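Residue numbers (the working numbering): 29 to 246.
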Ligand code: GLU
């Protein structure tokens with residue numbers, strides 16, 4: 029299980045994420061990535077290797093105005109370390125981006141169901157299945173938060189999840205079960221992280237999520 033950091037507020041989210049991910053480097057990782065809400069959709073940037081590789085990609089196309097975003101450092105459990113398996117993972121519609129620490133035990137069965145429904149996959153990870161399943165439930169019921177509830181009932185395993193959706197550009201969604209995840213509260217800004225070291229510079233007002241909890245930060 030590796031690192032998660034997410035931000036929603038008024039500041040340039042890219043700086044907050046890269047600083048937070050640096051603080052989580054000590055845990056070890058094989059790739060890193062970020063997802064931003066931008067006008068008209070989401071943008072995901074990922075790179076195998078050290079954070080410097082991600083920073084290099086971001087420098088080519090900076091996202092200076094994004095204020096809702098999340099970042100991840102991956103320690104591969106399902107699929108080799110490469111750009112395609114790095115998080116965040118897009119859903120099919122690219123309307124949802126998702127990061128995950130942990131392991132989804134029933135991902136093969138869920139993936140088969142989604143393949144039958146016509147979904148295609150761009151990675152070998154268990155995590156992409158979660159992003160696609162949320163996309164499926166959301167398109168089925170039209171209510172994102174109902175879709176989240178259905179998702180959390182369907183997946184078995186350990187997870188700390190961070191999610192952004194283009195339809196809710198100022199919301200950061202978090203859920204946990206058997207993997208650490210905490211919320212940080214600032215002045216006009218809020219955070220999620222898998223480890224307090226990523227947030228300590230920004231806030232001391234922190235709540236540790238319990239298993240089975242879902243949080244929506246705005
Ligand atoms: N199981 C996921 C993967 O292999 C998440 C690994 C992690 O916790 O970093 O992509």
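Idealized CB from N, CA, C, for every residue including glycine. Remember, it's a predicted structure, so these values are computed and weren't measured experimentally.
Heavy atom of the ligand GLU within 8 Å of residue i beta-carbon
i           : result
residue 129 : yes
residue 154 : yes
residue 107 : yes
residue 113 : yes
residue 165 : no
residue 66  : no
residue 57  : yes
residue 104 : yes
residue 30  : yes
residue 101 : yes
residue 234 : no
Segment limits, beta strand (DSSP E) that includes residue i
i           : result
residue 101 : 96-102
residue 35  : 31-36
residue 62  : 59-66
Those residues which DSSP pairs with residue i across a bridge
i           : result
residue 114 : None, per the DSSP bridge assignment.
residue 167 : Its beta-bridge partners do not exist; DSSP assigns none.
residue 54  : None; residue 54 has no bridge partner.
residue 187 : 130 and 205
residue 76  : 59
Minimum C-alpha distance to residue i - residue among the options
i           : options               : result
residue 78  : 66, 109 and 178       : 109
residue 234 : 242, 82 and 225       : 225
residue 76  : 204, 50, 173 and 115  : 115
residue 120 : 243, 246, 238 and 162 : 162
residue 200 : 188, 183, 207 and 219 : 219
Limits of the unbroken alpha helix (DSSP H) element including residue i
i           : result
residue 138 : 135-144
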